[in-house]
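**Student:**
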Amino acid sequence: MSPAGREVTITIDGREVPAVEGEMLHDAARKGDVEIPYFCYEPKLGDPVGACRMCLVEIEGIPKLQTSCSTPVREGMVVHTRTEQVKEAQNSVVEFLLVNHPLDCPVCDKGGECPLQDISYGWGPGKSRVIDEKRHFEKPIELSPLVAIDRERCILCYRCVRFSQEVSEDAQLQLIERGDRTYVGTFDDRPYVAPFQGNITDICPVGALTNYTYRFRARPWDIEHAGSVCTICPSQCNVSFTVRDEKVKRVISRDNHEVDDGWLCDRGRYGFEMFDAPERVREPQLKGGAVSWEQALEAVAEGLRRAGGKVAAIAGDASNEEGFLLQRILRDALGSPHIDSRPSRGPKADVLRRLAEPNVSAKVRDIDEADAILVLGTDPLHSSPILDLRVRKAIRRNGAKLVVATERPTALDGGAEAIARYAPGQAAHFVGELASAIGGSDNVATPVAETLRDAGKVVVIWGERIAREDGAAEALLDVAAATNMSTTDGAGLLEIPDTTNARGLREAGCLPDAGPGLSDTTAGKSTEEIREALISGELTTLVLFGADPLRDFPDTPAWEEALTAADFVLTFSMHDNATTAKSDVVLPLETHAEKDGTVTHPDGRLQRVRPSASRPENVVPNILVLSELATKLGLDTGIDSQPTAFQALTNAVTLYNGIEDEQIGGRGLRWQDREGATSARTGTEQPGPGGPPEGGSPDTQRDAPISMVQPDPTPRGVASADPPSGGPSTAANGDLLLGTYRDLWAGPVTELNPPLKFLTPQQRVEISRTDAERLDLKSGDKVRVNGIEAEAHVKERVPAGVVFMAEGVSDGNANALLNGGPVQVKIEKLDEATA
Amino acid sequence: MSFDPKSASYLDSIEVVEVQRGPKPGGVGGAYRAFGETLRGLKTTMARLIEGPMTIEYPEEKTPVYPRFRGRHKLHKFEDTGLEKCVGCSLCAAACPADCIRVVAAENIPGDRVSAGERYAAVYEINLSRCIFCGYCEIACPFDAITMGHDYEMADYDRRDLIFTKEMLLAEPVERTPLKSEGE
Ligand code: SF4
Ligand code: SF4
Ligand code: SF4
Ligand code: SF4
Ligand code: FES
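Protein chains in written order, with the working numbering: chain P, 263 to 1097; chain E, 521 to 704.
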């Protein structure tokens, strides 16, 4: 559908309705308030297929009835939706669908929210003439461990199959057999396991696909819908909680095209049972024992006062208001500048300010219209799943050209025009090379650069972790300049940060060298420096707000040491974990179904998290806990509720100045889109649109080899398995370079939600075929990697000389091996006997 | 005209209305009237006296009810299989105008079935202190699983005891209420 359609007027049922030429008649009718029943039409799924025939209408000049979902609008079209002929067709379609559809409504989970029920009532004949036996299938059976399928109820609308084929592109669901024996299934009846499968239960118009987690839990009249935002990952999808008896029973999408396109990943959809997990922290704990809030806050105030300014704080899973209050406590009540919100370190504040410039930032929707997309240093499937779908959509529907430059093979490689692989630790170098290659130099990044050069609208989706390397963020800005982002509408950088609300926390002032609104401030220590200072005794006290360093931060042993060395550790945590076990005081955090506050999407969109379910008895809103604590420490913040906290936040953060809660509403508000949005850069000079810096990376002394896998010229984007010539040559002693990544399923979400347990990843060592042969390994062999036991997994697309391991898994967390620099690992094969 | 109440012209201008009163109490006439009225009342009493006592000695004795009387609900089981008829569909809860039915359904485990369908009511509660005995639940039920019984004896000492659980509704009510017989 071209957005530049002509405005036309059509007549529906004698009424003139404005429309855009080329849009589907069904959409035009809906906008003109004419209801046409439909089952299969769903614009989210792409082009219409006209499978169900429910949407038939009469168009003057065309003798046969037409499906309104797949008929484009033309000027002067005269349409009738209520004539005898149409009614008869509608009656027949419903009667036909009900020939085989069982009369299951009382036991069917969809009952009450079922389009088939509604349409049978509204447009059906009310009687069936069919007395024959209906078709039978075994039911209900497992389509996957999360979704049950009842094939008798399926009306073969194709929606689920289209989702699997054209949206998530896992191509697992198929329609099998022919005629009335057709059914939805997978090849060989294998379980449908994919990270987005839950969406098919949302789009199925009948009760054929149901969630095991929700089956029979409630009827539509037993529940309330509460809109909020999923804060499990930086995608910040808009969700609607289905709440019964004040408990979350289901999570469904709240369709925000600007954020999630109406899809959810399974982590967000099924990750709600953890709100009630036995591991949940339900009351304040002092040295492991439950205490009253009074006692706990007294102990905290005492502990913080004793630190005498030698205190640091790290924010993780926190709302903007919480982050803002936390940094006020640190800076204004305790007089310490040491606060951070990043797992290890990141760019300096002035670079962050330049990255936050509205003219170089892309919004999620820009991906849809981009001419070229660069995925840099991250695999969206794992780090921000919903963007993976978005990129696929841009390629499939808009013909966007994708290039991927990462350490590790990504899920998007298959659709890429060019792929670059750089060795772990070489991101900064690579991005520098890329900037100069776009400017015309010929180097390792040239194949990628060729797609981006003069491409028009370029959107760069980049992972925060590349910015842990010095110079990477600066080089990224050079890429932005080289692709003329600041002067191209719809082009820009889109960061995928490591934590959900990373952007909001940075803008709220949880940075060592920037205060609220990225303003200048006394420089403090970054996360990594805080850790070192705790070990050396320079700092004695640590506040962790929703951060779990022992699981999520690099260098676990050093963190163990730091937490042990600290005199006093205060942890705000949702669940018990290794970090809370080492804390002196643990205070409970609210979940995203209980919290009231705002978060900021990586593209700058402020979104509101709203309390939807009841919180456990002794869990108190965190904003109140923080402001109470501030008061105890002698700082009157004047904050006693979410509105006052939001007011204080928007007053202090220049970027958010003047934003009202109503403006955020249910859809969010990008601060950049506001009238008179303040530039992130305060006081610093504005560099002109400027060309790319000729002559390479700002980090030229670091000229380490980078591994470059170029796609074969013929098949689109298939990475060659040959060891790249310039690859990280395996060290003489056979050691391999370690690369790590955060797996989608590695983390508490799979462990705390029983339905997702089956997805809990085990540590695997992904190794190239060359290295596997050299070490005599095959997939499934048990190996030991620098003390961590794991399973070898030979992967074609892994470059030689590198192995990849997952961070955040419960056993053998690769974070334990990281130490801030390149890590060489030794792989020993374990015999079956020793394993 | 002047309004001096003592002036003659003012007094002349007032219309005097005479109040009609009944006979003065007391005296022979009064005694006769009181006795007469009592006798008139006694006539009715005497006339009913021969009919015998009308009092129903509740609770020893109960008023029979019509067959379609809507009393305390009953949940039913299939006689042959012993499975509960209720599938926990919540339609009764949807129909209930007093919003006093709570159904929490669950999935049947093959081999340990509770109801005949895919689902069953794990929790089925009626708050009888709120029920208005309209019978909509009975009409809504697609499986005739719930019906209105004849029992009207539900008084209790604690409101909480008026929340009838599934077990209580499935059990035969202990006290039976007599039905009116044909033609009664
Ligand atoms: S299972 Fe549901 S979504 Fe899939 S084809 Fe059948 S009716 Fe459509
Ligand atoms: S993609 Fe992220 S934000 Fe969206 S539902 Fe999944 S976990 Fe939640
Ligand atoms: S009789 Fe009426 S008020 Fe009582 S439970 Fe049934 S539907 Fe509700
Ligand atoms: S009593 Fe009838 S209407 Fe109510 S839940 Fe059971 S089956 Fe459904
Ligand atoms: S909605 Fe048009 S054919 Fe299905």
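Here a beta-carbon is modelled for each residue, glycine too, at the ideal position from N, C-alpha and C.
On a predicted model such as this, the values are computed, not experimentally measured, just so you know.
Measure the CB-CB distance between P/Glu757 and P/Glu726 and report whether it falls below 8 Å.
**Tutor:** Looking up residue 757 of chain P in the first sequence gives position 495. Looking up residue 726 of chain P in the first sequence gives position 464. Going by C-beta atoms, P/Glu757 is nearer than 8 Å to P/Glu726.
**Student:** Can you tell me whether P/Asn518 is buried or exposed, with buried defined as 16 or more other CB within 10 angstroms of its CB?
**Tutor:** Translated into positions along the first sequence, residue 518 of chain P becomes position 256. Around the beta carbon of P/Asn518, a 10 Å sphere encloses 16 or more other beta carbons of the protein chains shown; the residue is thus reported as buried.
**Student:** Quick one: residues in its chain with C-beta nearer than 8 Å to the C-beta of P/Asp923, no 5 flanking neighbours on either side, listed in chain order?
**Tutor:** Here residue 923 of chain P is taken as the residue at index 661 of the first sequence, counted from 1. Correct list, in chain order: Arg870, Pro905 and Phe908.
**Student:** Counting beta carbon pairs with one atom in the segment 298 to 312 of chain P and one in the segment 424 to 432 of chain P, are three or more of them shorter than 8 Å?
**Tutor:** The segment 424 to 432 of chain P is in contact with the segment 298 to 312 of chain P.
**Student:** By how many angstroms is the C-alpha of P/Pro671 removed from the C-alpha of P/Thr1032?
**Tutor:** Taking the first sequence and counting its residues from 1, one reaches residue 1032 of chain P at position 770. Taking the first sequence and counting its residues from 1, one reaches residue 671 of chain P at position 409. So the two alpha carbons sit approximately 16 Å from each other.
**Student:** Is P/Ala470 a contact residue of ligand 1, with contact defined as CB to any heavy atom under 7 Å?
**Tutor:** Against the first sequence, residue 470 of chain P aligns to sequence position 208. Under cutoff, so the answer is yes.
**Student:** Have a look at P/Glu1035, P/Ala290, P/Asp997 and P/Ser876 and flag the residue whose alpha-carbon is nearest the alpha-carbon of P/Val1087.
**Tutor:** Working through the first sequence from its first residue, we reach residue 1087 of chain P at position 825. When each option's Cα is compared against that of P/Val1087, the closest is P/Asp997.
**Student:** So what does DSSP say about P/Ala673, is it helix, strand or coil?
**Tutor:** Counting from one through the first sequence, the residue named residue 673 of chain P turns up at place 411. Three-state result, P/Ala673: coil.
**Student:** Select from P/Leu767, P/Ser623, P/Arg615 and P/Arg516 the residue whose C-alpha is nearest the C-alpha of P/Ala577.
**Tutor:** Your numbering for residue 577 of chain P matches position 315 in the first sequence. Minimum Cα distance to P/Ala577 is reached at P/Leu767.
**Student:** Along chain E, in chain order, which residues have C-beta atoms closer than 8 Å to that of P/Pro368?
**Tutor:** Reading the first sequence from its first residue, position 106 is the one you call residue 368 of chain P. Neighbours of P/Pro368 on chain E, chain order: Val607, Cys609, Leu611, Gly637, Pro662 and Phe663.
**Student:** Taking 7 Å as the line, does the beta carbon of E/Phe653 fall inside it for any heavy atom of ligand 3?
**Tutor:** Along the second sequence, read from residue 1 onward, the residue named residue 653 of chain E stands at position 133. Within the cutoff, so yes.
**Student:** Does DSSP put P/Val356 in a helix, in a strand, or in coil?
**Tutor:** For the purposes of this step, residue 356 of chain P is identified with residue 94 of the first sequence, where counting begins at 1. If DSSP states are grouped into helix, strand and coil, P/Val356 belongs with the helices.
**Student:** Can you tell me whether E/His670 is buried or exposed, with buried defined as 16 or more other CB within 10 angstroms of its CB?
**Tutor:** Looking up residue 670 of chain E in the second sequence gives position 150. So E/His670 ends up on the buried side.
**Student:** For P/Asn621, collect the residues of the same chain with a Cβ closer than 6 Å to its Cβ; drop the 5 residues on either side in sequence, then sort them by chain order.
**Tutor:** Here residue 621 of chain P refers to the residue found at position 359 when the first sequence is read from its first residue. These residues qualify, in order along the chain: Ser748.
**Student:** Residues in the same chain with beta-carbon distance under 6 Å from P/Arg652, minus the five sequence neighbours each way, listed in chain order, please.
**Tutor:** Within the first sequence, residue 652 of chain P is the residue found at index 390, counting from 1. Ile629.
**Student:** If you check the beta carbons only, do P/Leu596 and P/Gly571 fall under 8 Å apart?
**Tutor:** For the purposes of this step, residue 596 of chain P is identified with residue 334 of the first sequence, where counting begins at 1. For the purposes of this step, residue 571 of chain P is identified with residue 309 of the first sequence, where counting begins at 1. Yes, they are a contact pair.
**Student:** I need the DSSP call for P/Trp933, collapsed to helix, strand or coil.
**Tutor:** In the first sequence, the residue the question calls residue 933 of chain P occupies position 671. In the structure shown, P/Trp933 sits in a helix (DSSP, three-state: H, G or I).
**Student:** Figure out for me which residue from P/Arg615, P/Ala611, P/Asp675 and P/Val1045 has the closest Cα to the Cα of P/Pro642.
**Tutor:** By 1-based counting over the first sequence, the position of residue 642 of chain P is 380. Of P/Arg615, P/Ala611, P/Asp675 and P/Val1045, the residue nearest in Cα terms is P/Asp675.
**Student:** For ligand 5, which residues have a Cβ under 7 Å from at least one heavy atom, in chain order?
**Tutor:** P/His288, P/Tyr300, P/Phe301, P/Cys302, P/Tyr303, P/Pro310, P/Gly312, P/Ala313, P/Cys314, P/Arg315, P/Met316, P/Cys317, P/Thr329, P/Ser330, P/Cys331, P/Ser332 and P/Cys419
**Student:** Would you kindly work out how many angstroms separate the C-alpha atoms of P/Arg607 and P/Thr761, rounded to a whole number?
**Tutor:** Walking along the first sequence from the start, residue 607 of chain P turns up at place 345. Walking along the first sequence from the start, residue 761 of chain P turns up at place 499. Rounded to whole angstroms, P/Arg607 to P/Thr761 spans 13 Å at the Cα level.
**Student:** What does the alpha-carbon distance come out to for the pair P/Pro709 and P/Lys663?
**Tutor:** Counted from its first residue, the first sequence places residue 709 of chain P at position 447. Counted from its first residue, the first sequence places residue 663 of chain P at position 401. Cα atoms of P/Pro709 and P/Lys663: separation of roughly 13 Å, rounded to the nearest angstrom.
**Student:** Return yes when at least one heavy atom of ligand 1 lies under 7 Å from the C-beta of P/Val361, else no.
**Tutor:** Within the first sequence, numbered from 1, the residue matching residue 361 of chain P stands at position 99. No, since every heavy atom of ligand 1 falls outside the 7 Å radius drawn around the Cβ of P/Val361.
**Student:** Given the structure, does E/Cys620 come close to ligand 3, in the sense that its CB is under 7 Å from one of the ligand's heavy atoms?
**Tutor:** The count along the second sequence starts at 1 and reaches residue 620 of chain E at position 100. For ligand 3, at least one heavy atom lies less than 7 Å from the Cβ of E/Cys620.
**Student:** What separation, rounded to the nearest whole angstrom, lies between the Cα atoms of E/Phe598 and P/Asp484?
**Tutor:** If you number the second sequence from 1, residue 598 of chain E lands on position 78. If you number the first sequence from 1, residue 484 of chain P lands on position 222. Their Cα atoms are separated by approximately 27 Å.
**Student:** Of all the residues that make up the segment 620 to 653 of chain E, which are near chain P by a beta-carbon distance shorter than 7 Å?
**Tutor:** Ala625, Ala626, Glu627, Gly637, Glu638 and Arg639
**Student:** So with Cβ pairs under 8 Å, would you call E/Ala675 a contact of chain P?
**Tutor:** In the second sequence, counting from the first residue as 1, residue 675 of chain E sits at position 155. Cβ-Cβ to chain P under 8 Å: no for E/Ala675.
**Student:** So the candidates are P/Ile274, P/Phe1066, P/Asp846 and P/Gly1009; which of them puts its Cα closest to the Cα of P/Ile1029?
**Tutor:** Sequence index remark: in the first sequence, residue 1029 of chain P carries index 767 (1-based). If we check each option's Cα against that of P/Ile1029, P/Phe1066 comes out closest.
**Student:** For chain E, is any of its Cβ atoms less than 8 Å away from the one on P/Pro407?
**Tutor:** The count along the first sequence starts at 1 and reaches residue 407 of chain P at position 145. So, not an interface residue.
**Student:** To which residues of the same chain is E/Tyr672 closer than 6 Å at the C-beta, ignoring the five residues directly before and after it?
**Tutor:** Here the question's residue 672 of chain E lines up with position 152 in the second sequence. Hits under 6 Å: Gly591.
**Student:** Specify, as a first and last residue, the run of the alpha helix (DSSP H) that P/Phe503 falls within.
**Tutor:** Looking up residue 503 of chain P in the first sequence gives position 241. Boundaries for P/Phe503: no alpha helix (DSSP H) harbours it, while the beta strand (DSSP E) harbouring it runs Asn500 to Arg506, taken from the DSSP string.
**Student:** Quick one: which residues of the segment 462 to 480 of chain P get their C-beta closer than 7 Å to a C-beta of chain E? List them in chain order.
**Tutor:** Arg477 and Phe478
**Student:** Give the C-beta separation of P/Arg512 and P/Asn473 to the nearest angstrom, bearing in mind that I take them to be a contact with Cβ-Cβ under 8 Å.
**Tutor:** The count along the first sequence starts at 1 and reaches residue 512 of chain P at position 250. The count along the first sequence starts at 1 and reaches residue 473 of chain P at position 211. Indeed, because the Cβ distance is near 7 Å, the residues count as touching under 8 Å.
**Student:** With a threshold of 7 Å (Cβ to nearest heavy atom), would E/Phe663 be considered close to ligand 6?
**Tutor:** Looking for ligand 6 in the displayed structure turns up nothing; the ligands present are ligand 1, ligand 2, ligand 3, ligand 4 and ligand 5.
**Student:** What does E/Ala614 reach in chain P if we use C-beta pairs closer than 8 Å?
**Tutor:** Numbered from 1 along the second sequence, position 94 holds the residue referred to as residue 614 of chain E. Per Cβ cutoff of 8 Å: Gly374, Arg481 and Trp483.
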